[in-house]
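In my numbering, the protein residues as written are 192 to 463. Ideal Cβ placement from N, Cα and C applies to all residues, glycine included. Being a predicted model, the structure only gives us computed values, none of them experimental.
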Ligand SMILES: Nc1ncnc2c1ncn2[C@@H]1O[C@H](COP(=O)(O)OP(=O)(O)OP(=O)(O)O)[C@@H](O)[C@H]1O
Ligand SMILES: [Mg+2]
């Protein structure tokens, strides 16, 4: 409270995206992708982002991770301006990129080898085993990635992306390639993980139910170039289950999001 006002503004949110505008340079000329985008995510919150295909969602994740710099505007993490790639950001993608020549355990340990080179191997293994157990992969730690199902690989990949306790976990459609039931199991696992060790999360998704089930807030982006079109606060109970998605409150939120997506697309779309 006693902080200088200017600082206070950045400290209140873990992620602060302020007036971010970006265009890719292409042979056909500049392609505007983000247009004066503003997003704030308080520490510990789960922020789901939905928007039409190609509107700039993956671009947004690259900017938050510091893999790219915006033409205009600023990205702040933990009160620090992001200008280069960060070790304190964990990332997860649609295809879990696990190394086939390593066991599941050794895959999960990988970020610790990079971020905490002096950490004793048995401590690394204990940390990884704890997470593998939490996501239901105990007994599979000595297997190779190809010996696991797609859902199990994505579980292992989730463990790997949070093993080093990143400030932020950024996920770009991590459950998109899974069947509907496996996906719902993973949603529950995600919530269990966050209940056990809180972390701040940005999730890009095309699945509105996923955004409502996992999100504390859902941000709807407009079509390209993306602007913030709508921000929905998800006031479902913290101990929500899949059944919570069948309540009138959830139905109303899903309906609203669907309408917003239609507006974002400027037409009836194929998002589900
Ligand atoms: N490196 C690049 N160079 C030029 N154009 C790019 C580059 N990366 C992305 N684009 C273009 O920028 C726009 C936004 O891409 P982006 O991948 O951020 O969208 P998205 O919202 O993640 O799409 P999707 O929902 O299909 O994953 C697209 O039109 C894409 O073709
Ligand atoms: Mg994308």
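Buried/exposed call for residue i, threshold 16 Cβ in 10 Å
i: residue 199; result: Summary for residue 199: the model assigns pLDDT 47, below 50, so the residue's position carries little reliability, and this model does not support an answer.
i: residue 312; result: exposed
i: residue 409; result: buried
i: residue 401; result: buried
i: residue 308; result: exposed
i: residue 288; result: exposed
i: residue 450; result: exposed
i: residue 304; result: exposed
i: residue 207; result: buried
i: residue 396; result: buried
i: residue 348; result: buried
i: residue 317; result: exposed
i: residue 219; result: exposed
i: residue 213; result: buried
i: residue 292; result: exposed
i: residue 263; result: exposed
i: residue 290; result: exposed
i: residue 414; result: buried
i: residue 452; result: buried
i: residue 383; result: exposed
i: residue 370; result: exposed
Residue i: CB within 6 angstroms of a non-hydrogen atom of ligand 1
i: residue 329; result: no
i: residue 250; result: yes
i: residue 306; result: no
i: residue 217; result: yes
i: residue 247; result: yes
i: residue 224; result: yes
i: residue 402; result: no
i: residue 244; result: yes
Within 7 angstroms, strictly: CB atoms of residue i and residue j
i: residue 237; j: residue 367; result: no
i: residue 333; j: residue 294; result: yes
i: residue 355; j: residue 306; result: yes
i: residue 468; j: residue 357; result: For residue 468 there is no data in the structure shown, the boundaries of the chain being 192 and 463.
i: residue 360; j: residue 281; result: yes
i: residue 223; j: residue 389; result: no
i: residue 227; j: residue 247; result: no
i: residue 448; j: residue 412; result: no
i: residue 380; j: residue 342; result: no
i: residue 139; j: residue 351; result: Past the boundaries of the shown model lies residue 139; the chain is included only from 192 to 463, so the question cannot be answered.
i: residue 438; j: residue 235; result: no
i: residue 261; j: residue 251; result: no
i: residue 403; j: residue 425; result: yes
i: residue 230; j: residue 205; result: no
i: residue 276; j: residue 257; result: yes
i: residue 427; j: residue 435; result: yes
i: residue 315; j: residue 328; result: no
i: residue 284; j: residue 376; result: no
Segments of 4+ residues assigned as alpha helix (DSSP H) that fall wholly inside the region 334 to 407: Within the region 334 to 407, complete alpha helix (DSSP H) segments of at least 4 residues are found at 341 to 353, 371 to 387, 399 to 405, given in chain order.
Hey, which unbroken runs of the alpha helix (DSSP H) at 4 residues or more fall wholly within the region 251 to 336? Taking only runs of at least 4 residues, the alpha helix (DSSP H) segments lying wholly in the region 251 to 336 are 295 to 306, 312 to 325.
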